[in-house]
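Structure first, commentary second.
There are 2 protein chains.
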Amino acid sequence: MKKILLIMVSIALLNIDSYAQQALWGGEQITSPEVKEDHSVTFRLQAPNAKEVKISGDWMPAEGWTPGSVAMTKDEKGLWSYTTAALSSDLYGYSFSVDGMKTTDPNNVYLIRDVASVTNVFMVSGGKADLYKVTKVPHGSVTRRWYNSPGNGMERRMTIYTPAGYETGKDKYPVLYLLHGMGGDEEAWIALGRTSQILDNLIAQGKAKPMIVVMTNGNVAQEAAPGESSLGMYKPTFQLPNTMDGKFEETFTDVIKFVESNYRVKADKADRAIAGLSMGGYHSLHISRYYPNTFDYVGLFSAAIMTDPKNTSKVYENFDSTLKSQMTNGYKLYWIGIGKADFLYKNVSDYRAKLDEIGMKYTYRESEGGHTWTNWRVYLSEFAPLLFK
Amino acid sequence: MKKILLIMVSIALLNIDSYAQQALWGGEQITSPEVKEDHSVTFRLQAPNAKEVKISGDWMPAEGWTPGSVAMTKDEKGLWSYTTAALSSDLYGYSFSVDGMKTTDPNNVYLIRDVASVTNVFMVSGGKADLYKVTKVPHGSVTRRWYNSPGNGMERRMTIYTPAGYETGKDKYPVLYLLHGMGGDEEAWIALGRTSQILDNLIAQGKAKPMIVVMTNGNVAQEAAPGESSLGMYKPTFQLPNTMDGKFEETFTDVIKFVESNYRVKADKADRAIAGLSMGGYHSLHISRYYPNTFDYVGLFSAAIMTDPKNTSKVYENFDSTLKSQMTNGYKLYWIGIGKADFLYKNVSDYRAKLDEIGMKYTYRESEGGHTWTNWRVYLSEFAPLLFK
Numbered sequence: 001m002k003k004i005l006l007i008m009v010s011i012a013l014l015n016i017d018s019y020a021q022q023a024l025w026g027g028e029q030i031t032s033p034e035v036k037e038d039h040s041v042t043f044r045l046q047a048p049n050a051k052e053v054k055i056s057g058d059w060m061p062a063e064g065w066t067p068g069s070v071a072m073t074k075d076e077k078g079l080w081s082y083t084t085a086a087l088s089s090d091l092y093g094y095s096f097s098v099d100g101m102k103t104t105d106p107n108n109v110y111l112i113r114d115v116a117s118v119t120n121v122f123m124v125s126g127g128k129a130d131l132y133k134v135t136k137v138p139h140g141s142v143t144r145r146w147y148n149s150p151g152n153g154m155e156r157r158m159t160i161y162t163p164a165g166y167e168t169g170k171d172k173y174p175v176l177y178l179l180h181g182m183g184g185d186e187e188a189w190i191a192l193g194r195t196s197q198i199l200d201n202l203i204a205q206g207k208a209k210p211m212i213v214v215m216t217n218g219n220v221a222q223e224a225a226p227g228e229s230s231l232g233m234y235k236p237t238f239q240l241p242n243t244m245d246g247k248f249e250e251t252f253t254d255v256i257k258f259v260e261s262n263y264r265v266k267a268d269k270a271d272r273a274i275a276g277l278s279m280g281g282y283h284s285l286h287i288s289r290y291y292p293n294t295f296d297y298v299g300l301f302s303a304a305i306m307t308d309p310k311n312t313s314k315v316y317e318n319f320d321s322t323l324k325s326q327m328t329n330g331y332k333l334y335w336i337g338i339g340k341a342d343f344l345y346k347n348v349s350d351y352r353a354k355l356d357e358i359g360m361k362y363t364y365r366e367s368e369g370g371h372t373w374t375n376w377r378v379y380l381s382e383f384a385p386l387l388f389k
Numbered sequence: 001m002k003k004i005l006l007i008m009v010s011i012a013l014l015n016i017d018s019y020a021q022q023a024l025w026g027g028e029q030i031t032s033p034e035v036k037e038d039h040s041v042t043f044r045l046q047a048p049n050a051k052e053v054k055i056s057g058d059w060m061p062a063e064g065w066t067p068g069s070v071a072m073t074k075d076e077k078g079l080w081s082y083t084t085a086a087l088s089s090d091l092y093g094y095s096f097s098v099d100g101m102k103t104t105d106p107n108n109v110y111l112i113r114d115v116a117s118v119t120n121v122f123m124v125s126g127g128k129a130d131l132y133k134v135t136k137v138p139h140g141s142v143t144r145r146w147y148n149s150p151g152n153g154m155e156r157r158m159t160i161y162t163p164a165g166y167e168t169g170k171d172k173y174p175v176l177y178l179l180h181g182m183g184g185d186e187e188a189w190i191a192l193g194r195t196s197q198i199l200d201n202l203i204a205q206g207k208a209k210p211m212i213v214v215m216t217n218g219n220v221a222q223e224a225a226p227g228e229s230s231l232g233m234y235k236p237t238f239q240l241p242n243t244m245d246g247k248f249e250e251t252f253t254d255v256i257k258f259v260e261s262n263y264r265v266k267a268d269k270a271d272r273a274i275a276g277l278s279m280g281g282y283h284s285l286h287i288s289r290y291y292p293n294t295f296d297y298v299g300l301f302s303a304a305i306m307t308d309p310k311n312t313s314k315v316y317e318n319f320d321s322t323l324k325s326q327m328t329n330g331y332k333l334y335w336i337g338i339g340k341a342d343f344l345y346k347n348v349s350d351y352r353a354k355l356d357e358i359g360m361k362y363t364y365r366e367s368e369g370g371h372t373w374t375n376w377r378v379y380l381s382e383f384a385p386l387l388f389k
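In order, the protein sequence lines correspond to chains A and B.
Residue numbers for the first sequence, in the working numbering: 1 to 389.
Residue numbers for the second sequence, in the working numbering: 1 to 389.
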């Protein structure tokens, strides 16, 4: 007994003292968020001196340009709390506002960066988010790897998902190139998009074919995501030069060549897919027609399509002729998804009209909601099972 | 001109509206932290309603169990700021306290989790942190991969660094097994330890041999880091069962077997190193003597060594005899590093006395400071160049 006590004391010593020595890292004993069985969620924040604490979450309807928010209630110990109604299954983001200052939840270590903001996240199970969870199925590998892009004159970073069994087997795999939106980078789909979880789960369920997913960086001015390049830890910006002027489309062959000479892939049209969200949808549209006999599968998720014929960007040169080539060469799937409330809804409608006019077939998926990761995760979950059949 | 304007408007539209639709992600136009040429650093926080704002950073001396902190100054617009003296080159962490509530810096997207806390970080160049930066040198790849551990009856996750050229060449590489401390996991060394940057830079400078670095999860009760396992997004805890009772040591053969059958490695003693910090130092000490003819290089960084002979943990069985076997079998380097202010200083001194007594040679490195990542990054930077020579 005395010996057991000694061990416990030794361990406690390690615990307390290393806390003391790296005391900055201490955490409070509050649970937030607490996702309950009925899918309601309670948030808590200890802020005894605050006069007003609000919570803002992406499940709340936005009020024009202002995100929705709701006041939290303070108890006698200075603990503010708020409980939602039952939420539908999804990955959600939220932040607190303490006397007007936006802040993260100190009791939630799960945060995801989107452009220049970092937001706490949580998941509600029991529906579509079940695909976003890590489950006890065979897991693919996720690699951050650098490749040479002669077209951009730099080494660049990508994120690659290889399905379970890739490293140990001998099969060749099809490839999905999955592109981010404006302000995003090679971290966006793996973090906010839950790509590795969605693919692991769909493949394990037999709903999607095992495939490699290549998440490149579509900002050709960047070597890599903020903090991951030689620029160091700078403040990310939304808008970057040369992202929508054809440069990425032109140099995308560097990505394909790298993947096809460095991975065990089926290097043919039937085994190549390209899809992206927002700006990545624009990129997917244009890359697939720049190289009009290269991809059998194209996915445009809330695509930032600018159909105005006055657009002078080089990317629009030969738009109609290359699109017709793509149509004539044939493909298996041209998938368009958009939310009814998306600010790009009309652009996508106009583009569909253009496609209808030339007789180019596509599959159309109209969802609720707007220009959100909620939709893009759903689109990936629906698009991936249609590939490489 | 009109056409250019149209494009700009289109892009601005994308910008503003997607901000509106995913308005939660907006950022303020404040720069914080601002690292200046003279290595002083200015922090800023907009909190007009706050009465008292403090900053706490790990460059400040701690006051007993309380981390150091200093008051920030408010200007007429409600912007709080504080400028440090010139800081020595390092990776630093900090947090704000707003009217007593600890918070992150909303203008700094760079955060690292350590156990149950997430802390903003920044770097000051011009010294040792130059090794921690991403530089324009050939980059290794970093992969999160799952492996089967029959000894633990589960699939488990590891982080693997393969040096530049690994994928495209045919050479076999030596392996460093690099272990985290209590409360850490397979993310600790790559995030807080800056392992991939340190190795990329040391290898590019010709100071370290190209090597594979395997960062396992030493908490055998866990499949993976918090948020990365089937347990979902739970609140991490410091103390986990079975982390220091011999179970990890026993089952470490699963890790070695996996690496040596799945990577192009030199599978011999001369090409195996094991090192770890704190609890990982304890693990390295015991794993290297459990398998006393397996590692030519051992690194104990601020190792949590419990030399009390009354310790009854199974891990201490045959301590002396296996240590002597290790000594007799021979090795090239047994490296011990500890900070003068580390709470484990005496434990390490006692262990050195034990080694002296049996005539077991080691290299001893005593640094300033305590039980901190500042020291562990330095130890890795000094230890890696000594390997596989």
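Beta carbons are placed, not taken as given, at the ideal position from N, Cα and C, and that holds for glycine.
Checklist entry - In chain A, which residues lie with their C-beta within 7 Å of the C-beta of B:Met233? => result Listed along the chain, the chain A residues whose CB falls inside 7 Å of the CB of B:Met233 are Tyr110, Phe122, Met123.
Next on the checklist: For a test of the three-state rule: what should DSSP assign to A:Gly369, helix, strand or coil?
Outcome noted: Coil.
Checklist entry - Going along chain A, which residues have a C-beta under 7 Å from B:Lys102? => result Those are Pro106, listed as they occur along chain A.
Item to check | Among B:Asn242, B:Gln29, B:Arg144, the one whose alpha carbon lies nearest that of B:Met279 | outcome: Nearest C-alpha to B:Met279: B:Asn242.
Checklist entry - Mind checking A:Thr31: buried by the 16 CB within 10 Å criterion, or exposed? => result The residue in question, A:Thr31, is exposed, as its Cβ has fewer than 16 Cβ neighbours within 10 Å.
Next on the checklist: Counting C-beta neighbours from all protein chains within 10 Å, is the total for B:Pro150 16 or more, i.e. buried, or is it exposed?
Outcome noted: Burial call: exposed.
Next on the checklist: Counting only beta-carbon separations shorter than 8 Å, does B:Asn242 have a partner in chain A?
Outcome noted: Using a CB distance cut-off of 8 Å, B:Asn242 does not count as an interface residue toward chain A.
Next on the checklist: Excluding the 5 residues flanking B:Asp38 on each side, which residues of the same chain have their C-beta closer than 8 Å to its C-beta?
Outcome noted: Contacts found: Ala86.
Next on the checklist: Using the three-state DSSP reduction, which class does B:Pro385 fall into: helix, strand or coil?
Outcome noted: Correct three-state label for B:Pro385: helix.
Item to check | Whole-angstrom distance between B:Leu240 and B:Val98, CA atom to CA atom | outcome: Rounded to the nearest angstrom, the two C-alpha atoms are 32 Å apart.
Checklist entry - Could you give the residue range of the beta strand (DSSP E) that holds B:Trp146? => result Following the DSSP letters along the chain, one finds B:Trp146 inside the beta strand (DSSP E) bounded by residues 141 to 149.
Next on the checklist: Whole angstroms are fine: how far does the CA of A:Met101 sit from the CA of A:Thr83?
Outcome noted: Spanning the two alpha carbons is a distance of roughly 21 Å.
Checklist entry - Quick one: does A:Val189 have its CB under 8 Å from some CB of chain B? => result Note on identity: in this sequence residue 189 of chain A is Trp, with Val being the wrong assignment. Not a single C-beta of chain B is nearer than 8 Å to the C-beta of A:Trp189.
Checklist entry - For the beta strand (DSSP E) that contains A:Met101, what are its first and last residues? => result For A:Met101, the enclosing beta strand (DSSP E) begins and ends at 101 to 103.
Item to check | Nearest neighbour of B:Tyr277, chosen from B:Tyr110, B:Ser302, B:Asp268 [CA to CA] | outcome: It is Leu, not Tyr, that sits at residue 277 of chain B in the sequence shown. Of the candidates B:Tyr110, B:Ser302, B:Asp268, the residue whose Cα lies closest to the Cα of B:Leu277 is B:Ser302.
Item to check | B:Tyr407, DSSP secondary structure in three states | outcome: Given a span of 1 to 389 for chain B in the structure shown, any question on residue 407 of chain B remains unanswerable.
Next on the checklist: Output needed for A:Gly181: all residues of its chain with C-beta closer than 6 Å, excluding positions within five of it in sequence on either side, in chain order.
Outcome noted: So the qualifying residues of the chain are Leu277, Ser278, Met279, Gly280.
Next on the checklist: Any beta carbon from chain A within less than 8 Å of B:Gly337's own beta carbon?
Outcome noted: Not closer than 8 Å to any Cβ of chain A, the Cβ of B:Gly337 fails to qualify, so no.
Next on the checklist: Assuming B:Ser95 is part of the beta strand (DSSP E), what are its boundary residues?
Outcome noted: For B:Ser95, the enclosing beta strand (DSSP E) begins and ends at 90 to 98.
Checklist entry - Applying a beta-carbon distance threshold of less than 7 Å, which residues of chain A neighbour B:Arg391? => result Because chain B here runs from 1 to 389, residue 391 of chain B falls outside it and cannot be looked at.
Item to check | Classification of B:Thr103 by the beta-carbon crowding that lies within 10 angstroms, buried from 16 upward | outcome: Taking all protein chains in view, the Cβ of B:Thr103 is crowded by 16 or more other Cβ atoms within 10 Å, so the residue is classified as buried.
Checklist entry - How far does the alpha helix (DSSP H) with B:Lys346 in it reach, from first residue to last? => result For B:Lys346, the enclosing alpha helix (DSSP H) has its first and last residue at 345 to 358.
Checklist entry - Under the three-state reduction of DSSP, which class applies to A:Trp189: helix, strand or coil? => result The three-state reading of DSSP puts A:Trp189 in helix, counting H, G and I together.
Checklist entry - At what residues does the alpha helix (DSSP H) containing B:Ile336 begin and finish? => result No alpha helix (DSSP H) contains B:Ile336, which is instead part of the beta strand (DSSP E) from 333 to 339.
Checklist entry - For B:Gln205, which residues in chain A fall below 8 Å Cβ to Cβ? => result By Cβ distance, chain A contributes nothing, its closest Cβ being about 15 Å from B:Gln205, past 8 Å.
Next on the checklist: Does the contact criterion of 3 or more C-beta pairs under 8 Å hold for the stretch 332 to 341 of chain B versus the stretch 290 to 305 of chain B?
Outcome noted: Per the Cβ contact rule, the stretch 332 to 341 of chain B is in contact with the stretch 290 to 305 of chain B (3 or more Cβ pairs under 8 Å).
Checklist entry - Just checking, does the stretch 57 to 68 of chain B make contact with the stretch 105 to 118 of chain B on the three C-beta pairs under 8 Å criterion? => result Counting Cβ pairs under 8 Å, fewer than three are found: no touch.
Checklist entry - If you draw a straight line from the alpha carbon of B:Tyr92 to that of B:Pro106, how long is it in whole angstroms? => result Approximately 17 Å, taken between the alpha carbons.
Next on the checklist: Contact criterion: CB-CB distance below 8 Å. Does B:Arg113 meet it with respect to chain A?
Outcome noted: Taking 8 Å as the threshold, the shortest C-beta distance from B:Arg113 to chain A falls below it.
Item to check | Environment of B:Glu187 [buried if 16+ CB atoms lie within 10 Å] | outcome: Looking at its Cβ environment, which holds 16 or more other Cβ atoms inside 10 Å, B:Glu187 is buried.
Item to check | Per-residue contacts from B:Ser284 into chain A (C-beta, under 7 Å) | outcome: What B:Ser284 touches in chain A: nothing, since even the nearest Cβ is about 16 Å away.
Checklist entry - Between which two residues does the alpha helix (DSSP H) containing B:Ser325 stretch? => result 319 to 329 is the extent of the alpha helix (DSSP H) around B:Ser325.
Next on the checklist: List, in chain order, every chain B residue whose beta-carbon is nearer than 7 Å to that of A:His118.
Outcome noted: Residue 118 of chain A is actually Val in this sequence, not His. What A:Val118 touches in chain B, judged by beta-carbon distance under 7 Å, is Val109, Leu111, going in chain order.
Next on the checklist: Counting only Cβ pairs nearer than 7 Å, list the residues of chain A close to B:Val134.
Outcome noted: Residues of chain A with a Cβ closer than 7 Å to the Cβ of B:Val134 are, in chain order, Glu228, Ser229, Ser230.
Next on the checklist: So the candidates are A:Lys172, A:Thr168, A:Asp171, A:Gly193; which of them puts its Cα closest to the Cα of A:Leu179?
Outcome noted: Relative to A:Leu179, the option among A:Lys172, A:Thr168, A:Asp171, A:Gly193 whose CA is nearest is A:Gly193.
Item to check | Host beta strand (DSSP E) of B:Ile160 (start-end) | outcome: Unbroken beta strand (DSSP E) run through B:Ile160: 154 to 162.
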